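Residue 217 in my numbering is what sits at position 124 of the first sequence, and the numbering runs on without skipping anything.
Beta carbons are placed, not taken as given, at the ideal position from N, Cα and C, and that holds for glycine.
Quick caveat, the model's predicted, so the values are computed rather than measured.
A short write-up of the structure that comes next.
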Amino acid sequence: MICLTSFREQDELKKKLIAYDDFTWKLSSSTELSQGSEILKYVGGVDMSFCKEDSSVACACLVVLELPSLRVVHHDFSLLRLHVPYVPGFLAFREAPVLLQILQKMRDEKHPFYPQVLMVDGNGILHPRGFGLACHLGVLAHLPTIGVGKNLHHVDGLNQSEVKQSLQLQINEHEQTITLVGNSGITWGVGFRPTLSSLKPIYVSVGHRISLDSAVEVVKITCKYRVPEPIRQADIRSRAYLQKHQTESFKELAVRPPDQTEP
DNA sequence: GCGACAG
DNA sequence: ATCTTGTCGC
Numbered sequence: 094m095i096c097l098t099s100f101r102e103q104d105e106l107k108k109k110l111i112a113y114d115d116f117t118w119k120l121s122s123s124t125e126l127s128q129g130s131e132i133l134k135y136v137g138g139v140d141m142s143f144c145k146e147d148s149s150v151a152c153a154c155l156v157v158l159e160l161p162s163l164r165v166v167h168h169d170f171s172l173l174r175l176h177v178p179y180v181p182g183f184l185a186f187r188e189a190p191v192l193l194q195i196l197q198k199m200r201d202e203k204h205p206f207y208p209q210v211l212m213v214d215g216n217g218i219l220h221p222r223g224f225g226l227a228c229h230l231g232v233l234a235h236l237p238t239i240g241v242g243k244n245l246h247h248v249d250g251l252n253q254s255e256v257k258q259s260l261q262l263q264i265n266e267h268e269q270t271i272t273l274v275g276n277s278g279i280t281w282g283v284g285f286r287p288t289l290s291s292l293k294p295i296y297v298s299v300g301h302r303i304s305l306d307s308a309v310e311v312v313k314i315t316c317k318y319r320v321p322e323p324i325r326q327a328d329i330r331s332r333a334y335l336q337k338h339q340t341e342s343f344k345e346l347a348v349r350p351p352d353q354t355e356p
């Protein structure tokens with residue numbers, strides 16, 4: 094049930110949104126060979142998979158990859174039953190709580206691989222009210238986040254086929270980007286074709302504490318395939334975890350009939 | 001008015 | 001999100 098409180102919560106959290114670079118690390122490709130300043134090394138990714146038999150049973154996954162090798166150095170899972178439905182524009186209310194929990198667990202343990210930036214499968218400010226899952230999670234975790242959508246959320250006149258057409262017209266290089274400017278003139282994000290073979294673009298937008306330009310840079314250096322590795326790995330691993338623990342998870346998460354106290 | 005709408 | 005086989009290509 095989506096009501097005013099959800100709407101207001103997004104508005105409240107949105108006041109804390111930071112849409113510029115607010116971190117100390119640099120990309121290793123950075124021109125200024127930083128003396129003493131840290132390099133971006135640990136990139137996180139989150140995703141969730143759902144049970145085909147019961148779509149309320151889900152597995153949330155957090156992975157951390159090491160740059161520049163793109164090797165997975167950490168992963169963690171959470172198997173749970175969701176009680177909040179998916180409603181377009183309110184994805185965060187369904188997925189953010191678990192993802193936040195997994196992140197906090199890692200931070201509380203003072204894990205050495207705690208991510209410097211997190212990639213989220215879901216949009217950032219590319220959202221009807223400018224506050225998608227990536228923003229929501231970023232603000233709550235106080236972590237730089239990048240929104241990555243595999244489909245375009247139709248906002249401000251933005252349209253999937255037009256974006257594709259525009260990218261087609263670019264007879265440019267291999268990887269192609271197009272700035273997503275809506276009817277109002279607002280820049281919502283970037284459409285991006287990571288590889289030659291991927292006709293379908295991905296949609297990158299600011300999550301929290303990062304600029305669009307930096308977000309796109311990070312996406313570029315993490316793309317082996319169409320979907321950036323951190324998200325792709327979280328996707329693969331959450332799905333595998335769900336399948337491997339399918340039998341057990343059904344027992345644990347099964348809805349049992351209410352306890353009947355025998356007289 | 002109808003349809004479209006991240007995962 | 002999930003349902004789904006083969007198939008073309010490096």
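(message) According to DSSP, simplified to helix, strand and coil, what is residue 319?
(response) coil
(request) With a threshold of 16 other CB atoms inside 10 Å of the CB of residue 205, please say whether the residue is buried or exposed. (result) Burial call: exposed.
(request) Determine the DSSP secondary structure at residue 104, reduced to helix, strand or coil. (result) helix
(message) For residue 315, count the other beta carbons within 10 Å of its own beta carbon; 16 or more makes it buried, fewer makes it exposed. Which is it?
(response) buried
(request) For residue 306, count neighbouring C-beta atoms within 10 Å of its own C-beta (all shown protein chains included) and say buried if the count is 16 or more, exposed if not. (result) exposed
(message) Quick check on the burial criterion: 16 or more other C-beta atoms within 10 angstroms. Buried or exposed for residue 251?
(response) buried
(message) Tell me the rounded alpha-carbon separation between residue 218 and residue 320.
(response) 19 Å
(request) With DSSP as the reference, please indicate the residues paired to residue 168 in a beta bridge. (result) 156
(request) Measuring alpha carbon to alpha carbon, tell me which of 226, 142 and 161 ends up nearest residue 174. (result) 142
(message) Between the alpha carbons of residue 249 and residue 296, how many angstroms are there, rounded?
(response) 15 Å
(message) Can you check which of these residues, 108, 110, 104 and 136, is closest to residue 118 by C-alpha distance?
(response) Per the Cα distances, 136.
(message) Out of 300, 271, 310 and 311, which one is the CA nearest neighbour of residue 293?
(response) 271
(request) Leaving out five residues on either side along the sequence, give the residues of the same chain with a beta carbon under 8 Å from the beta carbon of residue 100. (result) 222
(request) Whole angstroms is fine: what's the gap from residue 131's alpha carbon to residue 145's? (result) 43 Å
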